[in-house]
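Novice:
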Amino acid sequence: MGRIARFGAWLGKNVDGFIALLLAVGVGVVGLVDDQIDEALKKQVIEGGTLLVLALLATAILRDRWRQEPVETAIRKSFTSAASIPGRLERLEGVVGEAGKALQDLSVVHVLNGAEEIAKAHSEGRRETDRWIFKGGTGTYFRAVTLPECVAAARKERRALLMRLEILDPSDERVCEAYARFRRSMSQEPDGTGEIWTPQRTRKEAYSTILAGCWYHQRFGLLEIHIGLSATMTTFRWDLSSASLIITGEDPRRALLARRGSFYYDSCTTELMTSLEQAKRVPIELGRSVPLSDEPTIEEVRRLFETLGLPLPRSYTDRDIGDLTRKALRAKNPYL
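Residue numbers for the sequence shown follow our numbering, so the first one is 27 and each next one is one higher.
1) Helix, strand or coil for residue 301, going by three-state DSSP, please let me know.
2) Apart from the five residues on each side of it in sequence, which residues of its chain come closer than 7 Å, Cβ to Cβ, to residue 361?
3) In terms of DSSP beta bridges, what is residue 137 paired with?
4) Please go through the region 210-282 and give each complete beta strand (DSSP E) segment of 3 or more residues, from N-terminal end onward.
5) Using the Cα positions of residue 302 and residue 270, report the straight-line distance between them to the nearest angstrom.
6) So residue 155 packs on residue 267, CB below 8 Å; how close in whole Å?
7) Can you tell me whether DSSP reads residue 161 as helix, strand or coil?
8) CA-CA distance, residue 237 and residue 151?
9) Taking just the CA atoms, how far does residue 340 sit from residue 159?
10) Just reading off the alpha helix (DSSP H) that residue 327 is part of, what are its end residues?
11) How big is the Cα-Cα spacing for residue 344 and residue 232?
12) Can you tell me where the alpha helix (DSSP H) with residue 177 in it begins and where it stops?
13) Run the CB neighbour count on residue 211, radius 10 Å, all protein chains shown included, and call it buried at 16 or more, exposed below.
14) For the beta strand (DSSP E) containing residue 306, list its first residue and its last residue.
15) Which residues in the same chain have their Cβ closer than 8 Å to the Cβ of residue 325, if we skip the five residues on either side of it in sequence?
16) Over what stretch of residues does the beta strand (DSSP E) that includes residue 190 continue unbroken?
17) Express the C-alpha separation of residue 243 and residue 320 in angstroms, rounding to a whole number.
18) Given that a residue counts as buried once 16 or more other Cβ atoms are within 10 Å of its Cβ, and exposed if not, what is residue 299?
19) Which word fits residue 330, buried or exposed, when buried means at least 16 other C-beta atoms lie within 10 angstroms of its C-beta?
20) Helix, strand or coil for residue 287? Go by DSSP, reduced to three states.
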């Protein structure tokens, strides 16, 4: 049954050729017969059969050509598609590249959990950086840890160090009061320094950061430092090194980390630079005209701030200035 089915399928596809073959055989048989058929009839049968065979053959040829046309069209389309493959691949690579970049940006902005993980990220950022941009409140942690460690590493490797800071303006009582009120609203307990936040402490911390910047600037010639004073407070602290950006808030257990090269890192760099340009500039270069001792005296500190155009409050006693100097050069880590 299988053979019969296959033969029937073959016969359906080649019926014209099969009929032509039968007619050709028939005409040949008629041509071999000599006496049984009249000569005129034989001639008519042969001529008619020949024409019929030729017609069938022509039909078969036309059918084959008709079948070949779709195949040729498909082949041409295949070649056309093949020719356009490089362009399509290039577009596909572009899409994949954009998607990969987006995923990379997402993967390099993640949350740091726990004080230990945050401290480790800061340490890695300080290790080989040649720059540091800070924006925050008074720069207490920056003054206690970041500034001395970055200067020590740069001095050891004898390389230049660029630092840009934006902190609260200590001469602006309004913003100092707002910052102290905000910090107390987050916690009424003393921080790692053993102190609670008051407007007076806020002012001293900001003055101490300025004094520390001048003191290190005089002792490390490869340090270029810029300090801007802001009249508005921020609830975040930005620490940007040449490798990463760390953003912390009032919760010391959580922070955001972005790696260099990511969209977020580049955007925050632009934001920090633009913000610093709008802050009131402290002319640190003028501070070199007031040499500071290893342990600055009361008179040296007063003269320094007068030279910088930021005279200390008249209410400050010698004890206040001594406290300010201690905070500048022997600051405590507020997160320990």
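A virtual CB, placed ideally from N, CA and C, is assigned to each residue, including glycine.
Specialist: Let me spell this out:
1) The residue you call residue 301 lines up with position 275 of the sequence shown. Reduced to three states, the DSSP call for residue 301 is helix.
2) Taking the first residue of the sequence shown as position 1, residue 361 is located at position 335. Closer than 7 Å at Cβ, skipping near neighbours: 141, 167, 218, 278.
3) Taking the sequence shown and counting its residues from 1, one reaches residue 137 at position 111. Looking at the DSSP assignment, residue 137 forms a beta bridge with 282.
4) List check, beta strand (DSSP E) in window: 249-256, 263-267, 270-274.
5) In the sequence shown, counting from the first residue as 1, residue 302 sits at position 276. In the sequence shown, counting from the first residue as 1, residue 270 sits at position 244. Approximately 19 Å between the Cα atoms of the pair.
6) Counting from one through the sequence shown, the residue named residue 155 turns up at place 129. Counting from one through the sequence shown, the residue named residue 267 turns up at place 241. So it is a contact: roughly 4 Å between Cβ atoms.
7) Along the sequence shown, one-based indexing puts residue 161 at 135. It is a strand residue.
8) Here residue 237 refers to the residue found at position 211 of the sequence shown. Here residue 151 refers to the residue found at position 125 of the sequence shown. Between residue 237 and residue 151, the C-alpha separation is close to 24 Å.
9) Along the sequence shown, one-based indexing puts residue 159 at 133. Along the sequence shown, one-based indexing puts residue 340 at 314. So the two alpha carbons sit approximately 32 Å from each other.
10) Here the question's residue 327 lines up with position 301 in the sequence shown. Counting along the chain, the alpha helix (DSSP H) containing residue 327 begins and ends at 324-333.
11) Taking the first residue of the sequence shown as position 1, residue 344 is located at position 318. Taking the first residue of the sequence shown as position 1, residue 232 is located at position 206. Rounded to whole angstroms, the gap between the alpha carbons of residue 344 and residue 232 is 18 Å.
12) Locating residue 177 in the sequence shown gives position 151, counting from the first residue. Secondary structure note for residue 177: its alpha helix (DSSP H) is the uninterrupted segment 173-183.
13) Locating residue 211 in the sequence shown gives position 185, counting from the first residue. Exposure of residue 211 is indicated by the presence of fewer than 16 other C-beta atoms within 10 angstroms of its C-beta.
14) Here the question's residue 306 lines up with position 280 in the sequence shown. Going by DSSP, residue 306 is part of the beta strand (DSSP E) stretching over 306-308.
15) For this step, residue 325 is matched to residue 299 along the sequence shown. Once the five neighbours on either side are set aside, residue 325 has no close Cβ partner at all.
16) Here the question's residue 190 lines up with position 164 in the sequence shown. Per DSSP, residue 190 belongs to the beta strand (DSSP E) from 187-194.
17) Within the sequence shown, numbered from 1, the residue matching residue 320 stands at position 294. Within the sequence shown, numbered from 1, the residue matching residue 243 stands at position 217. Taking the straight line joining both Cα atoms gives about 13 Å.
18) For this step, residue 299 is matched to residue 273 along the sequence shown. Result: exposed.
19) On the sequence shown, residue 330 is found 304 positions in, with the first residue counted as 1. It is buried - the Cβ of residue 330 has at least 16 other Cβ atoms within 10 Å.
20) Locating residue 287 in the sequence shown gives position 261, where the first residue counts as 1. Three-state DSSP puts residue 287 in coil, outside helix and strand.
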